[in-house]
Structures are given as structure tokens and as C-alpha cells.
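Asker: Same order as they appear, the protein sequences are chains A and B.
Position one of the first sequence corresponds to residue 1 (the UniProt record's numbering), numbered consecutively onward.
Position one of the second sequence corresponds to residue 1 (the UniProt record's numbering), numbered consecutively onward.
Protein chains: 2
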Amino acid sequence: MHDIIQDLHHRYTVKKYDPSKRISSEKIEIIKEAIRLSPSSINSQPWKFILIETEEAKQRFHDTFAIKFQFNQHHAIESSHIILFAYDPHYTKEKYAHRVDVEVESGHLPAEMHDNMLNGGYAFADLNTDEAGFNGNWTKAQLYLALGNALHVLARLEIGSTPMEGVDMDLIGQEFSEELDGHVCEVALAMGYFLEGEDYNHGLPKARLPLDEVFKVI
Amino acid sequence: MHDIIQDLHHRYTVKKYDPSKRISSEKIEIIKEAIRLSPSSINSQPWKFILIETEEAKQRFHDTFAIKFQFNQHHAIESSHIILFAYDPHYTKEKYAHRVDVEVESGHLPAEMHDNMLNGGYAFADLNTDEAGFNGNWTKAQLYLALGNALHVLARLEIGSTPMEGVDMDLIGQEFSEELDGHVCEVALAMGYFLEGEDYNHGLPKARLPLDEVFKVI
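(1) Does DSSP put H108 (chain B) in a helix, a strand or coil?
(2) Please specify which runs of the beta strand (DSSP E), each continuous and at least 3 residues long, are wholly inside the segment 61–114 of chain B, giving them in chain order.
(3) Please tell me whether I35 (chain B) and K216 (chain A) are closer than 8 Å, where the distance is taken between their beta carbons.
(4) Using the Cα positions of C185 (chain B) and T64 (chain B), report the straight-line distance between them to the nearest angstrom.
(5) Quick one, are the C-beta atoms of N201 (chain B) and Y12 (chain B) less than 8 Å apart?
(6) Note the first and the last residue of the continuous beta strand (DSSP E) segment covering E186 (chain A).
(7) By a C-beta neighbour count over all protein chains shown, 10 Å radius and 16 as the cutoff for buried, is I67 (chain B) buried or exposed?
(8) Skipping 5 residues on each side, what residues in its chain have a beta carbon closer than 7 Å to that of V104 (chain A)?
(9) From E1 (chain A) to E33 (chain B), what does the alpha carbon distance come to, in whole angstroms?
(10) Does any C-beta atom of chain A lie closer than 8 Å to the C-beta of K95 (chain B)?
(11) Residues of chain A with a CB under 9 Å from the CB of S106 (chain B): which are they?
(12) Would you mind sorting D181 (chain B) into buried or exposed? The rule is 16 or more other CB atoms within 10 Å of its CB.
(13) Under a Cβ-count criterion, where at least 16 other Cβ atoms within 10 Å of its own Cβ denotes burial, should A125 (chain B) be classed as buried or exposed?
(14) Using a Cβ-Cβ cutoff of 7 Å, what residues of the segment 54–73 of chain A are near chain B? List them in chain order.
(15) Run through DSSP, which three-state label would V14 (chain B) get?
(16) Between the segment 188–207 of chain B and the segment 72–85 of chain A, can you find at least three pairs of beta-carbon atoms closer than 8 Å?
(17) Tell me whether A132 (chain B) is buried or exposed, calling it buried when 16 or more other Cβ atoms sit within 10 Å of its Cβ.
(18) Do you know offhand how far D168 (chain A)'s Cα is from F69 (chain A)'s?
(19) When the distance is taken between beta carbons, is K16 (chain B) closer than 8 Å to F194 (chain B)?
(20) Can you give the Cα-Cα distance for K27 (chain B) and A155 (chain A), rounded to whole angstroms?
(21) Can you tell me where the beta strand (DSSP E) with M1 (chain B) in it begins and where it stops?
(22) Would you mind working out which of B:P39, B:E29, B:R208, B:V214 sits nearest E165 (chain A), comparing C-alpha positions?
(23) Please state whether DSSP places T54 (chain A) in a helix, a strand or coil.
(24) Please go through the segment 139–188 of chain A and give each complete alpha helix (DSSP H) segment of 4 or more residues, from N-terminal end onward.
(25) Going by the DSSP bridge assignment, what does V217 (chain A) pair with across the sheet?
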């Protein structure tokens with residue numbers, strides 16, 4: 001079996017973490033850098049990632065489960081790290097201009113192409129923006145692209161993870177408003193190592209639709 | 001540099017394919033299987049993938065650029081393969097029940113948990129469904145998770161790719177209505193190998209926001 005398929009077979013959603021096991025700082029740096037390198041439409045990068053690693057920050061995240069989704073609350077304390085994945089619901093041309101500036105500074109884009117890229121690229125954001133300036137459905141899709149990349153990266157690093165849509169976006173928005181800086185968090189990713197003998201989801205066969213139901217080859 | 005970071009540095013958006021180079025059938029099988037194994041919220045798998053590999057199918061895709069996004073049209077003919085990524089805009093509980101059936105059949109879920117999973121899981125889809133039964137923003141996000149996984153897989157396989165939101169969803173919907181079976185395609189992924197000396201986007205430095213702008217560590 002190819003390494004890629006093996007990695008994807010081994011990844012699964014951890015249901016119980018071993019609180020004594022921490023992800024090494026070397027691996028955390030790889031995870032951050034890999035997420036930073038995630039592709040996105042027009043290189044929009046319409047996102048913000050809050051990495052929770054201290055006990056204090058974990059407690060703050062824990063408190064956001066006060067009302068809803070309490071079945072996920074224990075991950076806040078037991079997992080090694082959590083990333084809040086957040087998208088920008090009002091991604092403006094000015095914000096995109098900053099990304100295009102970085103393209104020029106990095107040597108990726110010739111300076112004389114700056115405005116072409118800005119106008120031609122932002123047209124795609126425009127197509128997905130309503131009259132109130134909301135384009136959160138589009139930016140959220142880009143965020144999930146980064147999430148898909150992150151889950152593959154964690155599989156390669158043999159780190160367990162739990163993607164959670166079961167988080168209280170309102171309480172997170174309040175508690176982490178400063179860090180989120182206008183971004184919206186509807187999904188969080190707990191990471192760490194499963195607790196031996198206590199994680200009912202560990203080691204089970206993968207359950208996916210058969211290939212001929214999801215792929216049509218023409 | 002870690003392999004993961006190296007792979008992500010090497011991946012980029014191909015702007016010109018070498019039409020003489022084809023992805024091997026072994027690698028195509030890995031790509032299909034890896035996409036099939038993509039995670040999604042509640043294991044919803046609300047997607048359909050159309051893999052275009054014959055000249056005839058490429059011509060049909062080519063024709064969908066008749067009105068819009070003609071700058072992407074050449075990829076339809078020059079790339080080795082294209083995948084149409086499509087999401088289900090009306091993902092019902094009945095459709096989810098079929099996924100839960102597969103969970104039981106695969107040995108992943110105990111049969112007596114079937115209804116718990118169905119009701120508890122579908123609650124997340126419900127939260128994202130409007131009165132008309134539309135939940136396409138949520139299913140599209142899941143699809144982009146699969147796209148993020150796919151792009152990482154292609155990087156590992158050293159296959160070039162071009163994610164294209166610049167596709168005509170209406171003409172694709174008409175031309176491939178039978179294959180799409182009610183799913184909506186707003187993004188396609190061309191794959192193959194770049195044309196030496198003709199791809200202006202090849203080998204350029206990566207342009208991403210600096211780590212401290214996208215990550216906040218607490």
C-alpha cells in the first residue's frame with residue numbers, strides 16, 4: 001500500500017486524548033508552517049489561526065462549551081494543542097491588496113503585475129460577495145481547504161486529531177474577540193495522542209463510500 | 001527542511017501543461033483512493049468527483065468555457081486529467097443514512113449505534129440547512145476539505161495541478177448533468193506536468209503572509 005493511502009487509513013477522529021502526551025515543539029512548528037503554506041483561491045489567505053497551548057488558554061476555550069456541544073469540552077483540556085480555524089466574513093479588496101504586496105515582496109510576482117493581479121484576482125472574491133460585503137461562504141470554503149491540508153499533515157506526522165464543528169461560535173467569538181480580529185471561528189481542531197484503551201474510535205476500519213459511488217470516470 | 005514543508009514549497013499552480021506527459025494509471029488510482037478517504041464533518045461525504053481522462057470528455061469540458069473564464073480553457077486539453085469537484089446542495093437525512101449504513105457494514109460502527117449516529121450526526125447538517133433544504137454552503141466547505149487533501153496528495157506525488165474556480169458552473173451543470181447527478185461543480189482541478197520553459201509560474205518563490213500575521217499563539 002502506498003504511503004499516502006496508509007497515512008490516510010491511519011488518520012481518524014480521536015475521541016479521547018492522553019493528557020500526559022504533548023506534541024513536540026518541532027512538530028508544532030511544522031504544523032504551523034504547513035498550514036501557512038496552504039493554497040487558497042487567488043492566494044486570498046482569508047484566515048486566522050489561533051493556536052491554543054497554555055493551560056490558561058485551554059481553560060478559556062473550555063469555558064466556551066458552557067452552553068453547547070459539551071461532548072467536545074473535555075478535548076479542550078485533555079488534548080495537547082487546539083487550533084481555532086477562523087475565516088474572514090468581509091474580505092475586502094484592501095485586504096487582498098496586502099496579499100498581493102507580499103507576492104511582489106517575495107519575488108513571486110513582478111511589481112508591474114501588481115494591479116493586474118489585484119483586479120483580476122479580486123474579481124473572484126467579488127463574484128462571491130453580497131451587497132452587504134459578506135463573502136463568508138467563499139472564505140469559509142478556503143479555510144476548509146487549509147483544514148484538509150492540516151489533517152493530511154497531521155496524518156503524516158502520526159499525530160491524532162479531532163476536527164470539531166461542535167463548537168460554540170458565539171462564545172468563541174466573545175472570548176477570543178481580540179485574537180480573532182474580526183474573523184469567525186466555526187471549527188476547531190484538537191490535536192495530540194489518543195489514550196490507550198480509552199478511545200473507542202481508535203483502530204477501527206475506515207468507513208467511506210465505495211469508489212464507484214463517489215468517482216465517475218469519463 | 002522537513003519533507004512536508006518541502007512538498008508544500010514545491011507545489012504551485014501550473015499555468016501551462018505539457019500535453020505529451022500523462023499521469024500514470026498507478027498514480028491516478030492513488031489520487032482517487034486518497035480523495036475517497038478524505039474526512040468530512042459527520043463523515044457526510046456530500047460530494048461527487050468526475051474524473052475526465054478521455055479526449056472526448058476533455059472536449060466536453062473544453063466546450064464549457066464558451067462564455068466565461070477562457071483563460072483556463074487550454075488546461076482542458078493540455079493537462080493530463082481533470083477532476084470536477086462537486087457538492088450536494090441538498091444533502092438530506094436519507095443520503096446521510098446511506099453513509100451510516102456503510103459505517104455499519106465496514107465494521108466501523110456497531111449496528112446498535114446506527115440511529116444514534118444518524119440523528120446525532122445529521123443534527124450538524126440540520127444546523128446548516130435553510131427552510132428550502134439548501135445546505136450547499138456547508139457541503140461546499142466539506143468539498144474544499146477534500147480539495148485541500150487532494151492538493152497535498154498531488155504535492156507528495158510530484159504531480160502539478162491547477163485548482164480552478166474560474167469554471168462556468170452553469171455550462172458544466174448542463175454538459176455533465178447526468179454525471180453530476182444533482183451535485184454542483186464550482187471548482188475543477190487540472191492535473192499533469194508543466195511545460196518546460198513555458199510555465200511562467202514554475203519555480204517561483206512561495207508568497208504567503210508571514211507566520212505572525214496568520215497565527216496567534218496563546
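Heads up, the beta-carbon is just placed ideally off N, CA and C, and yes, glycines get one too.
Just so we're clear, the structure is a prediction, and the values are computed from it rather than from any experiment.
Answerer: A quick look at the data gives this:
(1) coil
(2) 81–87
(3) no
(4) 12 Å
(5) yes
(6) Where E186 (chain A) is concerned, the enclosing beta strand (DSSP E) stretches over 184–192.
(7) exposed
(8) A111, H114
(9) Here the sequence assigns Met to residue 1 (chain A), which means Glu is not the residue at that position. Each residue's alpha carbon lies about 11 Å from the other.
(10) no
(11) L204, P205, K206, A207, R208
(12) exposed
(13) buried
(14) Cβ contacts with chain B: T54, A57.
(15) coil
(16) no
(17) Answer is exposed; the Cβ neighbour count stays below 16.
(18) 7 Å
(19) A contact, by the Cβ cut-off of 8 Å.
(20) 20 Å
(21) Unbroken run through M1 (chain B): none, as it is neither H nor E.
(22) B:P39
(23) coil
(24) 169–175, 177–180
(25) B:L51
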